[in-house]
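Down below is the structure, laid out as structure tokens.
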Amino acid sequence: MANLILKNLCKSFGDVVAVRNLSLDIRDREFFVLLGPTGAGKTTTLRCIAGLEKPETGEIRIGENLVNDWSAANRDVALVFQQYSLYPNYTVRKNLEFPLKSRLRRLPAKEIGPRVQKAAETLRIAHLLDRRTDRLSGGEMQRVAIGRAIVREPRLFLMDEPLSNVDAKLRELLRSELRGLQLKLGATLVFVTHDQVEAMTMGDRIGVLCEGELIQVGTPYEVYNSPHNTFVASFVGAPAINLFDATVDGEKIVVVPEKFEFALEPATRARLNQVAGRRNIVRVGVRPEHVNLVAQDGLAGTLYGAEDHGVEMILTISVADHLIRATSPATTRIPVNAPVQLAFAQDKLHFFDLETTKNLAVA
Amino acid sequence: MADLDLIDIEKHFGTNWVIRKLNLQIAHGEFVVLLGPSGCGKTTTLRAIAGLEEIHSGEIRIDGKRVESLPASERDIAFVFQLYSLYPHMTAFENIAFPLRALRISDKEVREKVRTVAKVLRIEHLLNKRPSALAGGDMQRVTIGRALVRRAKAILMDEPIGALDAKLREEMRVELRRLHIENNSTTVYVTHDQVEAMSMADRIAIMNEGVLQQVGSPTEVYSWPANLFVAQFVGSPIMNVVNCRLEAADGATKVRFDGMQTPFQFGGEVFRRAAAVGHEEIALGVRPEAVLVELAERPGYVPGEIHIIEPQGAYDILDIRIGKTVVRARTRSRFVTQLNQPVWVQLDKTRTHFFDKQSGLALPGE
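Shown next as structure tokens:
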């Protein structure tokens, strides 16, 4: 296994900048997730690492080697795609053997068998070795595709949305399976996805991309709890964070344009004063789990909608024409349109700049 | 608005059964979601109600009147598909007004009706735009507007928000539910997404392989699943289902997973319920939030080890190894931070389920 360094990577397609001056330091044995919406540049970045795209500028280092001019085959990285791309007429065994028989590697025959067996056991597909791949279920096919990457014992695993074609239940199982596998192998893995749940649950660290730009790199905890800008704040987390614009008026926050206001606790006021500078208007962010229903002295609103998710309720509360989302215990029973009062856990409020969208506590 | 009654509906393609003996009563003003994996028969059922699909036996009643032999156009039912199916050359206004044009009502009345619907859907400002100028969510709002405008007896929706991105889907869920409350229209909604079903339905009807598995409120199907299929189809992260051995001991039941040293202790009735079914093979089902985790030893808790930590932001999911089994637990964020750390685990007895593995059914007497 190896570490991976990207330095000032740039890649355009015609007038479209796909990757903008991207620098990244991925550690040996790290599970690193590139997260972003369609068109963010995550797949292009992955393809640059694999050697399938050539960046205009920038360096790619795998381990000790600058690999910019190396062919894809020479980079010794294994790529797993969304499409399984298995040979349908071959058995699982043949599919797994294939990469070991390539001209580049051409392993001695007596080494191939044990390697295939070991990979198959790791993935719990040893009982399927003699089955044709077109007779496999989706989850099994995905395991074979991953197995084909494992047998090679590459320096680096690259995966492009490998779980997005399987159903929700299987995806959940494969998520923890893949993470367990990566830990067991001690593999360096770069994983591309648009699904924030996958990123949060599997990554040691996440790199969030938007329009070709790397916006934040951090652990799942950091990305969720200290988002660098409003894009990261709303892209990560479900139900999504509440965002509203507010003027800072001495001791209280006044939300615009449909006004409602609430007093700031001394500690929050101090924190806001410290970061707000001369701004008199900020964007406030608060996650649904930090919006609490209270019996009195809260912000008055009415219940607009209530979703029973079994484990908890997700409430949508209308306050002066703003819709604010809150989570509450599964036992909450409030009729729609009933008056409610809410309060924010003020130590969890985020403040963002209106223009730059940056988190004021981070900038 | 109307009641819908499905009685013993069956449909098959050759020997391939699509719907088997389906019985479902939908009350006036109710929002019922047909939930299941692809190929379970939910869309065929919906299309049969609409008259787009013939059934081989059974009755479909709308307000008590049998409609199996009526063509779709005479059933007075509105249908919303996943694809927007708007007329590209017409504005949003004209698209919504389209079903009214056949009714020979005055232009003024048409305008009023369209505006009322547009207001509810928050698309008043988009009425002059053509579909090509609209975003996905707005296009779907227009499609729904077209279904609502003529006040049909029931509205049927087939994965109407499946094609939208995650955030928009989250918003549309709330809007659709809200719309239902305001219009009180009898709604049958098809989806494979259990989150949509849980968050919008008055009642959920879960189907698998053409067979209705359970009908109940979101709370009912989540908290008292009738069988293993429902138990694992509803809820995310999915319910832990673990093979276990039961042993009667001094009026209590010892429950052991594979390779587990110390058993979980349950009341004696668990063993009796299992014995009543007469099967040896029992599966224990417990949702991650009903798996209780402590960092220090406690009476009644059994030892486990952290296998994987899956942060979800607001909370963490821990994969805990107990014996040879991995069980997932929901804890507050950062409750555990070290892999391989020893922990102590207990199951919330009131939220632990037992299933007969052969039939898949929950043991009676829960």
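Sequence lines, in order, name chains A and B. Residue 1 is where the first sequence starts when you use the numbering used here, and the numbers rise one by one after that. Residue 1001 is where the second sequence starts when you use the numbering used here, and the numbers rise one by one after that. Ideal Cβ positions, reconstructed from N, Cα and C, are used throughout, including at glycine.
Limits of the unbroken beta strand (DSSP E) element including residue i
i: B/Q1025; result: N1016 to I1026
i: B/F1079; result: I1077 to V1080
i: B/H1180; result: Where B/H1180 is concerned, there is no enclosing beta strand (DSSP E), although the alpha helix (DSSP H) it sits in stretches over A1166 to N1183.
i: A/P329; result: H322 to P329
i: B/Q1265; result: F1264 to G1267
i: A/L9; result: L4 to F13
i: B/Q1346; result: P1342 to L1347
i: A/L303; result: L299 to D308
Environment of residue i [buried if 16+ CB atoms lie within 10 Å]
i: B/H1089; result: exposed
i: A/S328; result: buried
i: A/P335; result: exposed
i: A/G310; result: buried
i: A/Q182; result: buried
i: A/E64; result: exposed
i: A/Y87; result: exposed
i: B/K1324; result: exposed
i: B/H1125; result: exposed
i: A/G212; result: buried
i: B/H1180; result: buried
Pick from the options that is closest to residue i, judged by C-alpha positions
i: A/E289; options: A/F157, A/L136 and A/A345; result: A/A345
i: B/A1048; options: B/I1060, B/G1039 and B/G1251; result: B/I1060
i: A/S164; options: A/D76, A/W70, A/P335 and A/G139; result: A/G139
i: A/R20; options: A/Q274, A/T57, A/F351 and A/D28; result: A/T57
i: A/I62; options: A/L293, A/D25 and A/V232; result: A/D25
i: A/L214; options: A/L9, A/K54 and A/A270; result: A/L9
i: B/Q1261; options: B/V1215, B/L1212 and B/G1304; result: B/G1304
i: A/A50; options: A/L272, A/D130, A/H127 and A/M159; result: A/M159
i: A/E97; options: A/L315, A/A149 and A/A187; result: A/A149
i: A/M202; options: A/Y221, A/I281, A/L104 and A/K259; result: A/Y221
i: A/L4; options: A/L46, A/D15, A/V16 and A/F13; result: A/L46
i: B/P1131; options: B/N1095, B/F1031 and B/A1147; result: B/N1095
i: A/N68; options: A/R115, A/L6, A/G298 and A/L272; result: A/L6
i: A/R152; options: A/L107, A/A300, A/I317 and A/G250; result: A/L107
As assigned by DSSP and simplified to three states, the class of residue i
i: A/Q346; result: helix
i: A/N95; result: helix
i: B/D1138; result: helix
i: A/T38; result: coil
i: A/L129; result: coil
i: B/P1311; result: strand
i: B/S1333; result: coil
i: A/F352; result: strand
i: B/G1323; result: coil
i: A/N359; result: strand
i: B/H1012; result: strand
i: B/S1132; result: helix
i: B/R1115; result: helix
i: A/T219; result: coil
i: B/C1040; result: coil
i: B/T1187; result: strand
i: B/E1281; result: coil
i: B/F1271; result: helix
i: A/L46; result: helix
Start-to-end residues for the alpha helix (DSSP H) that takes in residue i
i: A/L178; result: A168 to L185
i: B/F1098; result: A1092 to R1101
i: B/N1240; result: Note, B/N1240: premise wrong, no alpha helix (DSSP H); beta strand (DSSP E) at N1240 to A1249.
i: B/G1216; result: No alpha helix (DSSP H) contains B/G1216, which is instead part of the beta strand (DSSP E) from V1211 to G1216.
i: A/E121; result: A109 to T122
Distance cut-off 7 Å: residue i Cβ against heavy atoms of the ligand FAD
i: A/K54; result: As far as ligands go, the structure on display features none, and thus does not contain the ligand FAD.
Interface positions of the stretch 1209 to 1228 of chain B facing chain A (Cβ-Cβ less than 7 Å), listed along the chain: Of all residues in the stretch 1209 to 1228 of chain B, only P1218, T1219 and Y1222 place a beta-carbon less than 7 Å from a beta-carbon of chain A.
Anything in the stretch 295 to 313 of chain A with a Cβ closer than 7 Å to a Cβ of chain B? List those residues in chain order, please. Going along the stretch 295 to 313 of chain A in chain order, one finds Y304, G305, E307, D308, H309, G310 and V311 with a Cβ nearer than 7 Å to chain B.
At a Cβ cut of 9 Å, what residues of the stretch 167 to 179 of chain A count as close to chain B, listed as they run along the chain? If the cut-off is 9 Å between Cβ atoms, the stretch 167 to 179 of chain A has D167, A168, K169, E172, L173, R175, S176 and R179 near chain B.
Interface positions of the stretch 1229 to 1260 of chain B facing chain A (Cβ-Cβ less than 9 Å), listed along the chain: If the cut-off is 9 Å between Cβ atoms, the stretch 1229 to 1260 of chain B has Q1232, F1233, V1234, G1235, S1236, P1237 and I1238 near chain A.
Contact residues within the stretch 236 to 267 of chain A, judged by C-beta distance below 8 Å to chain B: Answer in chain order: V236, G237, A238, P239 and A240.
Anything in the stretch 1274 to 1295 of chain B with a Cβ closer than 9 Å to a Cβ of chain A? List those residues in chain order, please. Within the stretch 1274 to 1295 of chain B, the qualifying residues are R1287, P1288 and E1289.
Using a beta-carbon distance cut-off of less than 9 Å, what residues from the stretch 1192 to 1206 of chain B approach chain A? Residues of the stretch 1192 to 1206 of chain B with a C-beta atom less than 9 Å from some C-beta of chain A are H1192, D1193, Q1194, V1195, M1198, S1199, M1200 and A1201, listed in chain order.
Near-chain B residues of the stretch 198 to 231 of chain A - C-beta to any C-beta below 7 Å: Cβ contacts with chain B come from M200, T201, P220, Y221 and Y224.
According to a CB-to-CB cut-off of less than 8 Å, which residues of the stretch 1299 to 1312 of chain B neighbour chain A? So the list reads H1307, I1308, E1310, P1311 and Q1312, given in the order they occur along the chain.
Got a sec: which bits of the stretch 1154 to 1170 of chain B sit with their beta carbon under 8 Å from any beta carbon on chain A, in order along the chain? Taking 8 Å as the Cβ-Cβ cut-off, the stretch 1154 to 1170 of chain B approaches chain A at D1165, A1166, K1167 and E1170, given in chain order.
Interfacial residues, the stretch 333 to 360 of chain A to chain B, with Cβ spacing under 9 Å: Across the stretch 333 to 360 of chain A, CB contacts with chain B closer than 9 Å involve V336 and N337, in sequence order along the chain.
Residues from the stretch 1055 to 1077 of chain B in contact with chain A, defined by Cβ distance under 8 Å: Flagged: no residues at all.
Between the stretch 17 to 39 of chain A and chain B, which residues of the former have a C-beta closer than 8 Å to a C-beta of the latter? From the stretch 17 to 39 of chain A, only P37 have a Cβ closer than 8 Å to chain B.
Of all the residues that make up the stretch 1169 to 1186 of chain B, which are near chain A by a beta-carbon distance shorter than 8 Å? Cβ contacts with chain A: E1170, R1173, V1174, R1177, R1178 and I1181.
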